[in-house]
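Here is the structure we will look at, set down as structure tokens.
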Amino acid sequence: MIQLANVNKRFGTASTVITAVDGVNLTIEEGKIYGIIGYSGAGKSTLIRLLNGLEQPTDGSVEVNGRKISSIGGKELRQARQKISMIFQHFNLLWSRTVKENITFPLEIAGVKKAERERKATELIELVGLAGRENAYPSQLSGGQKQRVGIARALANDPEVLLCDEATSALDPETTDAILDLLTSINERLGLTIVLITHEMHVIRKICHEVAVMEAGRVVETGDVLQLFQSPKEQITKRFVSQVTEPEDAKKVMSLMRQDYPEGTLVKLAFVGERTEQPVLASLIREYPVDVSILQGNISQTRGGAYGTMILQITGEPEATANAIQYLHEQGVQTEVFEK
Amino acid sequence: MIETYLPNVDWAKMWDATVETLYMTAVSTLFTFIIGLALGILLFLTGPGHIWANKIVNILTGSIVNIFRSIPFIILIILLIPFTKFLIGTIRGPEAAMPALIIGAAPFYARMVLIALQEIDKGVLEAARSMGAKTSTIIFKVLLPESMPALISGITVTAIALVGYTAMAGIIGAGGLGTLAFLDGFQRSREDVTLVATILILIVVFVLQFAGDFAVKKLDKR
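Quick look at the structure:
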């Protein structure tokens with residue numbers, strides 16, 4: 001569906017050149033929700049703008065649904081853009097137009113007849129849950145409602161791809177979840193390919209099938225979301241994964257626990273996917289002469305399965321404890337032992 | 341009663357002068373709006389980072405606007421006498437005042453248009469481009485409606501300035517309340533004529549300001 005080959009984007013004059021996107025190769029399959037995560041300045045905003053030609057690559061090729069965005073221009077590019085919609089962090093609605101008029105705007109651009117525009121707008125207002133607010137102006141709406149208008153507007157021309165530029169970064173956590181649910185249901189109902197950029201791992205975890213991690217213009221790691229959670233390779237990926245799996249003060253919590261539970265061995269377990277549903281702990285307790293207390297647990301749901309961490313206190317003979325930890329290893333559970 | 345206090349005021353003449361002032365103001369405001377808008381949009385779109393980004397055109401347009409904005413109006417009228425004569429065929433009367441009024445006010449308004457357009461959220465323009473909008477669609481469906489309150493308050497200020505300019509143009513015989521106040525009032529020492537002409541000009545200005553403010557308030561949905 002989307003193919004980027006050796007894409008570079010450099011900004012600036014002869015004296016100072018900034019490489020925003022550096023040798024990126026990406027393939028995004030149809031119907032997937034694809035996340036691109038990176039800190040600000042990583043080049044993800046530029047990357048997503050290459051997909052609808054708002055930026056043109058310095059070299060390399062960008063292909064979306066068979067159209068070579070990087071080499072078309074003028075009318076051809078404008079028509080391609082009608083099928084590659086975009087939603088924005090700050091919504092970018094026209095304040096001078098009502099909800100309905102904002103949604104019909106892309107239809108006006110596409111030259112759709114008035115009756116059809118009205119029909120489509122009404123249907124979309126219903127879809128994004130804004131019935132009754134069609135004649136309100138953007139200034140009368142909350143952030144979440146504005147983004148719903150943004151989404152409805154983006155869907156007006158029945159796009160093949162939806163690009164989300166930090167679409168939830170300006171929203172509070174609850175509204176973020178509601179918008180993410182809406183995006184998921186659109187993806188499932190309409191089979192729309194969604195590409196989103198974010199700096200929040202929470203967003204990736206909640207709705208993405210696949211993810212690319214960006215750092216300094218490069219894509220440093222890609223893969224299935226669950227797999228990435230399971231075995232992040234790059235340092236930056238580990239940092240993003242820890243955003244959602246560990247509370248920020250994990251280290252501090254561990255040393256406090258050490259004080260509270262001076263006995264035994266403290267072990268951190270990481271479960272991935274199906275493992276979380278199997279009774280690993282139950283069999284551990286049954287088969288080894290050790291006592292196990294659960295000090296802390298945390299399970300996160302991703303699109304591909306669950307990812308969880310758990311901190312256990314294992315007390316018993318040193319040998320039995322070692323065997324028990326060995327058993328966990330064999331069961332495919334990642335373990336980390338905290339030294340005394 | 342009125343005759344005792346304002347013995348020299350010829351009301352028919354006063355009315356004719358008012359109509360002339362209104363006529364000059366209305367026509368010159370209309371042309372100023374169109375020309376200023378075109379110049380302002382050109383300045384905006386040829387600016388760095390915009391759709392028609394073009395340094396040469398931008399600097400050239402900017403310079404012309406700045407030069408004509410800087411020439412004092414009373415001097416501009418004199419400078420434009422040959423041009424007016426060529427265009428209108430005479431240098432007297434309300435029509436003859438128009439080239440100078442428009443050329444004096446349009447660059448002034450173009451600057452205001454530029455400022456109004458620069459106030460528009462860049463993201464909205466990006467959104468329009470991302471939907472595949474043509475430049476004409478961006479101008480007429482995004483730039484103009486999104487900056488309309490600022491454009492209207494700008495044209496209100498400009499129209500009021502134009503009322504002042506018509507009075508100044510009165511000195512070279514353009515007609516209207518300015519001519520009346522200068523020739524019949526000041527030069528013949530009939531203070532009552534000057535006073536009434538001034539009051540009428542003030543009424544015109546207040547009405548314009550009120551109408552402008554009302555329109556802005558109605559249009560602004562932010």
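The listed protein sequences derive, respectively, from chains Y and R. Position 231 (the first sequence) corresponds to 231 in my numbering; numbering is contiguous. If you count the second sequence from 1, you need to add 340 to reach my numbering. Built from N, CA and C at the ideal position, the CB exists for glycine as well. Note that the structure is predicted; figures quoted are calculated from it, not measured.
Looking only at its chain, what residues have a beta carbon closer than 6 angstroms to the beta carbon of residue i, apart from the 5 residues adjacent to it on each side?
| i | result |
| --- | --- |
| T424(R) | I431, A436, P439 |
| L269(Y) | M310, V333, T335 |
| R117(Y) | T104, L107 |
| T346(Y) | The structure shown has nothing for residue 346(Y), since chain Y only spans 1 to 340. |
| D560(R) | P489 |
| F371(R) | I442 |
| K44(Y) | I36, G38, I197, M214 |
If I measure Cβ to Cβ from residue i and keep anything under 8 angstroms in the same chain, skipping five residues before and after, which residues do I get?
| i | result |
| --- | --- |
| P159(Y) | Q82, K83, I84, S85, L192 |
| V149(Y) | F91, L93, V99, N102, I103, V128, L130, P138, L141 |
| N25(Y) | L4, A5, N6, V7, V219 |
| A178(Y) | G144 |
| S71(Y) | S61 |
| G433(R) | G513, A514, G515 |
| H209(Y) | K32, I33, Y34, D224, V225, R303, G304 |
| L328(Y) | V267, L269, V280, L284, T335 |
| K238(Y) | P232 |
| V241(Y) | M201, L228, F229, P232 |
Helix, strand or coil: which one does DSSP assign to residue i?
| i | result |
| --- | --- |
| F91(Y) | coil |
| R286(Y) | helix |
| Y363(R) | helix |
| N102(Y) | helix |
| A309(R) | With chain R running from 341 to 562 in the structure shown, residue 309(R) is simply not present. |
| Y261(Y) | coil |
| M354(R) | helix |
| G223(Y) | strand |
| R133(Y) | coil |
| D560(R) | coil |
| I411(R) | coil |
| V112(Y) | coil |
| Q56(Y) | coil |
| L4(Y) | strand |
| V241(Y) | helix |
| N25(Y) | strand |
| I455(R) | helix |
| K83(Y) | coil |
| V17(Y) | strand |
| K9(Y) | strand |
| P434(R) | helix |
| T386(R) | coil |
| E188(Y) | helix |
| G73(Y) | coil |
Per DSSP, what are the beta-bridge partners of residue i in this structure?
| i | result |
| --- | --- |
| D165(Y) | F88(Y), I197(Y) |
| I299(Y) | G308(Y) |
| G35(Y) | L196(Y), V211(Y) |
| V272(Y) | Y307(Y) |
| F338(Y) | L266(Y) |
| S529(R) | The partner list for S529(R) (beta bridge, DSSP) is empty, contrary to what the question assumes. |
| Q64(Y) | A small fix is needed here, since residue 64(Y) is Val in this sequence, not Gln. In the DSSP output, where bridge partners are listed per residue, V64(Y) has I2(Y), R67(Y). |
| K474(R) | According to DSSP, K474(R) bridges with nothing at all. |
| S293(Y) | Q313(Y) |
| R218(Y) | E215(Y) |
Whose Cβ in chain B lies nearer than 7 angstroms to the Cβ of residue i?
| i | result |
| --- | --- |
| S470(R) | Absent here is chain B; the protein component of the structure consists of chains Y and R. |
Who are the Cβ neighbours of residue i in its own chain at under 7 angstroms, not counting the five residues just before and after it?
| i | result |
| --- | --- |
| M508(R) | F413, I414, G518 |
| I236(Y) | V213, E215, V220 |
| I375(R) | I442, A446 |
How about residue i: is its Cβ closer than 8 angstroms to a heavy atom in the ligand FMN?
| i | result |
| --- | --- |
| A437(R) | Questions concerning the ligand FMN fall outside what the structure shown contains, since it holds no ligand whatsoever. |
message: I want to know whether the segment 25-39 of chain Y touches the segment 84-101 of chain Y - three or more CB-CB distances under 8 angstroms.
response: no
- request: Check each residue of the segment 11-30 of chain Y: if its Cβ is closer than 7 angstroms to any Cβ of chain R, include it; give the result in chain order.
  value: none
Chain R contacts from the segment 112-137 of chain Y (Cβ-Cβ distance under 9 angstroms): Y137
Interface residues of the segment 201-235 of chain Y facing chain R [CB-CB below 9 angstroms]: Those residues of the segment 201-235 of chain Y placed with their C-beta closer than 9 angstroms to a C-beta in chain R do not exist.
Contact the segment 311-328 of chain Y vs the segment 341-360 of chain R: 3+ CB pairs below 8 angstroms: These segments do not touch.
message: For the segment 478-493 of chain R, list every residue whose C-beta sits within 8 angstroms of some C-beta in chain Y, in sequence order.
response: K481, V482, P485, E486, M488
query: Looking at chain R, which residues of the segment 62-92 of chain Y have a Cβ within less than 7 angstroms of any of its Cβ atoms?
result: Within the segment 62-92 of chain Y, the qualifying residues are R78, Q79, R81, Q82, M86, F88, H90, N92.
- prompt: Is it a yes or a no for the segment 450-459 of chain R touching the segment 493-501 of chain R, going by three-plus beta-carbon pairs under 8 angstroms?
  reply: yes
message: Please identify, using Cβ separations under 7 angstroms, the residues of the segment 442-460 of chain R that lie next to chain Y, in order along the chain.
response: none
message: Please identify, using Cβ separations under 8 angstroms, the residues of the segment 95-109 of chain Y that lie next to chain R, in order along the chain.
response: W95, S96, R97, F105, P106, E108, I109
query: What residues in the segment 145-171 of chain Y bring their beta carbon closer than 7 angstroms to a beta carbon of chain R?
result: none
Segment contact flag, the segment 456-463 of chain R with the segment 518-538 of chain R, C-beta cutoff 8 angstroms, min 3 pairs: no
- prompt: Which of the residues in the segment 377-404 of chain R, read from start to end, lie with their CB under 9 angstroms from any CB of chain Y?
  reply: Going along the segment 377-404 of chain R in chain order, one finds no residue with a Cβ nearer than 9 angstroms to chain Y.
message: Contact between the segment 461-468 of chain R and the segment 477-484 of chain R is defined here as three or more beta-carbon pairs at a separation below 8 angstroms; is this criterion met?
response: The count of Cβ pairs closer than 8 angstroms, one atom from the segment 461-468 of chain R and one from the segment 477-484 of chain R, reaches three, so the stretches are in contact.
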